[in-house]
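In the numbering used here, the protein residues as written are 230 to 367.
Written out as structure tokens, the structure is:
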């Protein structure tokens, strides 16, 4: 049985599909591209739909969100401040103690290799933290 989404009978993946189609501009294309890169970096990723309309990718916790605004598509990494970012992808929310974000504007190119490394690092951080919590709970 399909997992029900927060907005009716649609699954989170179906809601993300609809969001991409609804945008019908560069933002939809970019969100679709980011989604594909996330799935390539982590084939075990789970798509969720939170906060009344935000695509979220999880594995052992939130990896990142895919927010769309008028001028940017924003990938916010839940634990971005704890991630090593040697390629300097993070360009937003740099002052925060926990999150970091990548704002992508129309015409920007993505360093796909560096983004996949960052996604895998976020998964590793989530799963290592998840393992520690399980060990402590025993």
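Just so you know, even glycine gets a beta-carbon here, dropped at the ideal spot from N, CA and C.
Find the nearest neighbour of residue 321 within the set 315, 336 and 301, judged by alpha-carbon distance.
Looking at the Cα atoms, 301 is the closest of the given residues.
So, is residue 286 buried or exposed, given that buried needs 16 or more other C-beta atoms within 10 angstroms?
That one is buried.
With three or more C-beta pairs closer than 8 Å as the rule, is the region 309-319 touching the region 239-247?
Taking 8 Å as the limit for Cβ pairs, the verdict is that the region 309-319 does not touch the region 239-247.
Pairwise C-alpha distance: residue 256 and residue 335:
Their Cα atoms are separated by approximately 8 Å.
Can you give me the Cβ contacts of residue 328 inside the same chain, cut-off strictly under 8 Å, excluding the 5 residues immediately before and after it?
The beta carbon of residue 328 is closer than 8 Å to those of 305, 306, 307, 308, 309, 310 and 322 in its chain, skipping five residues each way along the sequence.
Report yes if the CB atom of residue 330 is closer than 8 Å to the CB atom of residue 292, and no otherwise.
Not in contact: residue 330 and residue 292 (Cβ atoms no closer than 8 Å).
Go ahead and label residue 297 buried or exposed: buried means 16 or more other beta carbons lie within 10 angstroms of its beta carbon, across all protein chains shown.
In this structure residue 297 is buried. Its beta-carbon is surrounded by 16 or more other beta-carbon atoms within 10 angstroms.
In terms of alpha-carbon separation, which member of 326, 266 and 252 lies closest to residue 343?
Looking from the CA of residue 343, the closest CA among 326, 266 and 252 belongs to 266.
Would you kindly work out how many angstroms separate the C-alpha atoms of residue 260 and residue 280, rounded to a whole number?
Their Cα atoms are separated by approximately 17 Å.
Would you decide whether residue 299 is buried or exposed? Buried here means 16 or more other CB atoms lie within 10 Å of its CB.
Counting Cβ neighbours within 10 Å, residue 299 comes out exposed, since fewer than 16 surround it.
Do you know offhand how far residue 262's Cα is from residue 355's?
In a straight line, the C-alpha of residue 262 is about 23 Å away from that of residue 355.
Which residues in the same chain as residue 345 place their Cβ atom closer than 8 Å to its Cβ, once the five residues preceding and following it in sequence are excluded?
These residues qualify, in order along the chain: 266, 269 and 270.
Under the three-state reduction of DSSP, which class applies to residue 257: helix, strand or coil?
Residue state, collapsed to three classes: helix.
Return the CA-CA distance between residue 264 and residue 326, expressed in angstroms with no decimal places.
Going by the C-alpha atoms only, they are around 26 Å apart.
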